[in-house]
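Protein sequences appear in the order of chains A and B.
946 is the number that the numbering used here gives to position 271 of the first sequence; each next residue is one higher, with no gaps.
361 is the number that the numbering used here gives to position 248 of the second sequence; each next residue is one higher, with no gaps.
Cβ atoms here follow ideal geometry from the backbone N, Cα and C, with glycine treated the same way.
Remarks on the structure that follows.
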Amino acid sequence: MTSVRTTEVRAVRGAHRRDVIEGADQRLWQWLTFAPALAMMLALSILPLANLFVTSFQDVAWVEGQPVRSWAGLTHYRALFDDELFGAGITNTVLFAFGAVTGQMVIGFALAVLCSKIGRGRVFYRAIFILPILIPGIVIGAIWKLMLNYDFGLANKLLGFVGIMPHDWLGSAETALLSVIIVDIWHWTPFCFLLFLAGVESLPQDVFEAAKIDGAGAWQELRYITLPLMIPTIIVTSAFRLILAFKVFDEVYLLTSGGPGTATEVISFTLYQRFFTEDKAGYGSAMSVAVIFLVSMLLVVALSARRRSEAAQ
Amino acid sequence: MNFDIRMPRRSILKGIGAAGAGSFLGGGAIRPLYAQSVAPITIVINQSPWFESFRRTVEAYEAATGNKVELDVNPFAGSLEKQRNSVRASEGQYDILIMNSGWFTEMYAGGFVEAITDIDPGFKLDPEVYTLGDTVYYNAEKKTVTADGKLMSVPISPLIPMLYYRGDLYREAGLQAPKTFADLEANARKFHNPPDIYGIVQRGARGPHTVAYDFYPYLYGHGGGIFKDQSSGDYSVTLNSPEGREALDYYIRLAREAGHPKTAASDQAEVIQAMVTGHAAHIMMVIAAWSQMDDPNKSAVVDKVEWAPPPSLEGLPTAPGLGHWLGGISKNVPDDRKRAAVEFLRWFQTKEAQLETAKAGGIPVHAAVYREPIADERKYRWMKPLAEALPHSVNIYQFPEASEVIAILELGLNRAIAGEITSVDSLNGMADQIHKVMAGHSYDTGALEPLK
Numbered sequence: 676m677t678s679v680r681t682t683e684v685r686a687v688r689g690a691h692r693r694d695v696i697e698g699a700d701q702r703l704w705q706w707l708t709f710a711p712a713l714a715m716m717l718a719l720s721i722l723p724l725a726n727l728f729v730t731s732f733q734d735v736a737w738v739e740g741q742p743v744r745s746w747a748g749l750t751h752y753r754a755l756f757d758d759e760l761f762g763a764g765i766t767n768t769v770l771f772a773f774g775a776v777t778g779q780m781v782i783g784f785a786l787a788v789l790c791s792k793i794g795r796g797r798v799f800y801r802a803i804f805i806l807p808i809l810i811p812g813i814v815i816g817a818i819w820k821l822m823l824n825y826d827f828g829l830a831n832k833l834l835g836f837v838g839i840m841p842h843d844w845l846g847s848a849e850t851a852l853l854s855v856i857i858v859d860i861w862h863w864t865p866f867c868f869l870l871f872l873a874g875v876e877s878l879p880q881d882v883f884e885a886a887k888i889d890g891a892g893a894w895q896e897l898r899y900i901t902l903p904l905m906i907p908t909i910i911v912t913s914a915f916r917l918i919l920a921f922k923v924f925d926e927v928y929l930l931t932s933g934g935p936g937t938a939t940e941v942i943s944f945t946l947y948q949r950f951f952t953e954d955k956a957g958y959g960s961a962m963s964v965a966v967i968f969l970v971s972m973l974l975v976v977a978l979s980a981r982r983r984s985e986a987a988q
Numbered sequence: 114m115n116f117d118i119r120m121p122r123r124s125i126l127k128g129i130g131a132a133g134a135g136s137f138l139g140g141g142a143i144r145p146l147y148a149q150s151v152a153p154i155t156i157v158i159n160q161s162p163w164f165e166s167f168r169r170t171v172e173a174y175e176a177a178t179g180n181k182v183e184l185d186v187n188p189f190a191g192s193l194e195k196q197r198n199s200v201r202a203s204e205g206q207y208d209i210l211i212m213n214s215g216w217f218t219e220m221y222a223g224g225f226v227e228a229i230t231d232i233d234p235g236f237k238l239d240p241e242v243y244t245l246g247d248t249v250y251y252n253a254e255k256k257t258v259t260a261d262g263k264l265m266s267v268p269i270s271p272l273i274p275m276l277y278y279r280g281d282l283y284r285e286a287g288l289q290a291p292k293t294f295a296d297l298e299a300n301a302r303k304f305h306n307p308p309d310i311y312g313i314v315q316r317g318a319r320g321p322h323t324v325a326y327d328f329y330p331y332l333y334g335h336g337g338g339i340f341k342d343q344s345s346g347d348y349s350v351t352l353n354s355p356e357g358r359e360a361l362d363y364y365i366r367l368a369r370e371a372g373h374p375k376t377a378a379s380d381q382a383e384v385i386q387a388m389v390t391g392h393a394a395h396i397m398m399v400i401a402a403w404s405q406m407d408d409p410n411k412s413a414v415v416d417k418v419e420w421a422p423p424p425s426l427e428g429l430p431t432a433p434g435l436g437h438w439l440g441g442i443s444k445n446v447p448d449d450r451k452r453a454a455v456e457f458l459r460w461f462q463t464k465e466a467q468l469e470t471a472k473a474g475g476i477p478v479h480a481a482v483y484r485e486p487i488a489d490e491r492k493y494r495w496m497k498p499l500a501e502a503l504p505h506s507v508n509i510y511q512f513p514e515a516s517e518v519i520a521i522l523e524l525g526l527n528r529a530i531a532g533e534i535t536s537v538d539s540l541n542g543m544a545d546q547i548h549k550v551m552a553g554h555s556y557d558t559g560a561l562e563p564l565k
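Quick look at the structure:
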C-alpha cells in the first residue's frame, strides 16, 4: 500500500517536473520567437529616437566632407526659450490644433448624426462627405490657394457680389491662421465624420426605443442618450485629431510658409526650417525632442481622460 | 569571309519599322555616330524657369559628343536636400551639383566639392565667362570666396534681378527707363491705378529666399549692406545702418503707396503673374522669367515688357544681388565620373554652347554672347541691360552658414512689410540676431549702435 502511494507520489512529482520543464521551454521558445520582432522594433523606433536624443546635446559641423560632433550640453534646450519662431510655433500650433479640431468634431458629429437618420441616399451623402480626405494635401493647397487668392479667388469674388472689398485672407496677420484652420477643418472633418458615424450606428437601439416610449424628443435623445454613449468615441477621435493637428505641416507650407511674419508659424514648420533649411542638426534635434515630449504629454492626457470616462460608465 | 544571312521579308520590314519608330520616339534628336568618350554623369538640378534651356543645352552636348548626361530635377529646397544627402554619403550619387548662391559656400567650405583644377590641372576658365563676384573660387586657407583661391565651379546661370517695366506705358507717357529710386517711385505712383494696375508688385512673402532676395537691390542700391567687408573677413553687421533704414523705408513705402495690397504674401509666382496678366507696371524679378513675358500662351503683355538694371540712389551704381547657380563637381564620386564632369563643364563654358543656351531661352554666362547679333534681336532685348548690370552684381554671402542669416532676414523683413513691427525694430532685431549667429560661429564680427 505504502509502496503504491510512493509510486503515485513519484509519478505526480515527475509529471509536475515535466510540466515545469515544458513550461520553461515554452517560455524560452516564446521569447526566442519574439526576439527578432523585439529587436526589429528596437532598431526601428528606439534607436532613431536615442540617436536624436544624443544629437540634441551635440553640435554637428562638416569638415573635409566628414561630420565633426562636439558636445553642446544643454545649450540647444536653453536656446529653445529664446527662439522667437519656436515660441510662436508652439502658440500657433495650440491655437490651430484646438480651433481646427473643435470645428471638425462639431461638424463631423452633426453630419454623422444626420447621416445616420437618413434612409435613402445615405451612401451618396457618405461618399460626398468623405471626399476631401481622399484628396492629396498638395491638391488641397492648390484648391485653397486659388479660392483665397486676393485678385481672382472665389472668396473675394463672392464678397464682391455683395459689395464688400476684397480681403487678403492668407497675407493678413488677422485672418491667415483662421484661413488655414478653415482649410484644415474642410480637409479633416470627414475623418471625424467616419469615426462618429461608425460609433452612432453601433449604439444599442433598445435604449433609443425605450426613450421614445418614455416620450423623449429628438433633442433629449441627443443630449441624454447619444452624447453620453458617444463619449469614448469622442475622446478617441479628438485624441487622434489633436495629435495629427499638432503635426500639421503641408497646409501651412503650401499656403503661407508660416507668414505673414509669424502669424501661421507652426511647430513642424519651425522644425523644418531649423533642421533642414538651416541644417542645424543639434538644435533641430533638441527641438524635435521637445515636440515629441509635448505630443506624448497630449497622448497621456487623452488616454487618462478616456480611462476615467470608461470607469465612470 | 562570306556570310549568307537569310531573313524573311516580314522580319526585315519589322526591323525597319522598329528603327523608324525608335528614332521618332527618341524625341527627334539626332545622335552622333561615334560612341561616348567619357563615363555617363548625373547632374542634380532644381526646377526653375531656366531649367528647360539647361535641358536643351545638355541635349546639345550629348548630340555633339555622344556622352551621356542624366538630370535629376527637383524643387528648390529639394535639390539642396538631395545634394546634402549625396555629398555626405560614402559615395555620391551626383557628379555635378547645381548650387545656388545661398548654399554654394556650404559645399565649398564643407569639403564636398573638388576643385576643378585638382581634377584636371589643365582646365582653364574662359576669360570671358562671368566669375560673378569671384564666387567660382574658394580659398580654403583663408576661408574666403576670392580669386586667389582654387577654381571650384563654373557658372551655370548668372541670375540677378532686373527691373521689368511696361515699355508701352512708358512710351505713351514719354518716360525713360528709371535709373534712380526716385525715378522708380515717381513712375510707379504715376501708373498706380488699383485694382486694374499696380505701380509695382514686390515679392514680400516669407520663404526659403524670397523677400530677402527681393530686398537686396534696394539695400545695396542705397549704399547699405549686411556685413562690413566679407572678403577681408570683417563680418561686422551693418544691416541697421542709416542706409539700411532708408532702403527698408523706401521698400515699404513703395509697397503701401504704389504697390500691391498683398505684398507681404506675394511670392515669385504671384509677382510674375501680376506682370503677365497686365496688372503690374513694374516688377523687380530674376531675369530667368523673361521668356514668360513674350509667350502668347502665358502673357497678356507680349512685346510690351522692357528691362533695365535695378535702380539705385543718385551717384551709386546698380547693385543687384546674385541669385546665380554654379556647377561644382562632387568630391565623393569615382575619378572617371569626375573627369567626365570636367568635360561637360569645359564644353558648357564655351561661347558656342552659351549661344545654344541663349537660343533655348537661357541666360548665357559668356560675355561674348552678349555682343553677338542675337543681342540686337527684339526677342532678346533683355540681354544688353543684363550685360550692363552683371558687372555690378553683389555676392551677398561668402560663408557656409548663410542659410541661418537668410532665415532671419526672411522673417524680419516680412514682419516689417506686413506692418507687424516698424522698420527700425525690424532692422535692429535682425542685426542683433545676425550678430549672434556670426559670433556663435566664431567670425570676426561687431555691431552698430541700434537705430533710434
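Could you pull out every residue in the same chain whose Cβ sits closer than 7 angstroms to the Cβ of residue i, ignoring the five residues on either side in sequence?
i	result
residue 362 of chain B	536
residue 938 of chain A	848, 851 and 852
residue 961 of chain A	731, 751, 752 and 755
On a Cα-Cα basis, can you pick out the residue from the options that is closest to residue i?
i	options	result
residue 502 of chain B	B/150, B/197, B/522 and B/274	B/274
residue 373 of chain B	B/428, B/346, B/315 and B/380	B/315
residue 440 of chain B	B/480, B/422 and B/209	B/209
residue 365 of chain B	B/313, B/321, B/392 and B/337	B/313
residue 240 of chain B	B/562, B/506 and B/462	B/462
residue 422 of chain B	B/262, B/339, B/395 and B/410	B/395
residue 417 of chain B	B/565, B/271, B/224 and B/284	B/284
residue 812 of chain A	A/900, A/725 and A/926	A/926
residue 205 of chain B	B/543, B/442, B/530 and B/475	B/442
residue 444 of chain B	B/531, B/212 and B/201	B/201
Under 7 angstroms Cβ-Cβ, which residues of chain B neighbour residue i?
i	result
residue 932 of chain A	318, 319 and 320
residue 739 of chain A	224
residue 848 of chain A	531 and 533
residue 843 of chain A	374, 375 and 378
residue 794 of chain A	Per Cβ cutoff of 7 angstroms: no residues; residue 794 of chain A is ~47 angstroms from chain B at best.
How would you label residue i, buried or exposed, when you count the other beta carbons within 10 angstroms and need 16 or more for buried?
i	result
residue 297 of chain B	buried
residue 551 of chain B	buried
residue 803 of chain A	exposed
residue 907 of chain A	exposed
residue 979 of chain A	exposed
residue 881 of chain A	exposed
residue 887 of chain A	exposed
residue 739 of chain A	exposed
residue 258 of chain B	buried
residue 138 of chain B	Note that residue 138 of chain B scores a pLDDT of 39, beneath 50, so its modelled location is shaky; the value from the coordinates is reported in the next line. When all chains shown are included, residue 138 of chain B counts as exposed.
residue 337 of chain B	buried
residue 691 of chain A	exposed
residue 198 of chain B	exposed
residue 708 of chain A	exposed
residue 701 of chain A	exposed
residue 710 of chain A	exposed
residue 713 of chain A	exposed
The alpha helix (DSSP H) spanning residue i covers which residue range?
i	result
residue 788 of chain A	759-792
residue 283 of chain B	280-286
residue 199 of chain B	189-200
residue 222 of chain B	217-222
residue 361 of chain B	355-371
Could you work out which residues of chain A lie near residue i, taking near to mean beta carbons separated by less than 9 angstroms?
i	result
residue 522 of chain B	None at all; the shortest Cβ gap to chain A is about 12 angstroms.
Using C-beta distances below 6 angstroms, list every residue in its chain close to residue i, excluding the 5 sequence neighbours before and after it, in chain order.
i	result
residue 233 of chain B	455
residue 387 of chain B	314 and 393
residue 150 of chain B	none
residue 217 of chain B	439
residue 419 of chain B	278 and 280
What residue range is occupied by the uninterrupted beta strand (DSSP E) comprising residue i?
i	result
residue 268 of chain B	266-270
List, in order along the chain, the chain A residues whose C-beta lies closer than 8 angstroms to that of residue i?
i	result
residue 368 of chain B	Ordered by position in chain A, no residue passes the 8 angstroms Cβ test against residue 368 of chain B, which lies about 11 angstroms from the chain.
residue 200 of chain B	740
What residues of chain E sit near residue i, judged by a beta carbon separation below 9 angstroms?
i	result
residue 953 of chain A	In summary, chain E is missing from the structure at hand, where the protein chains are A and B.
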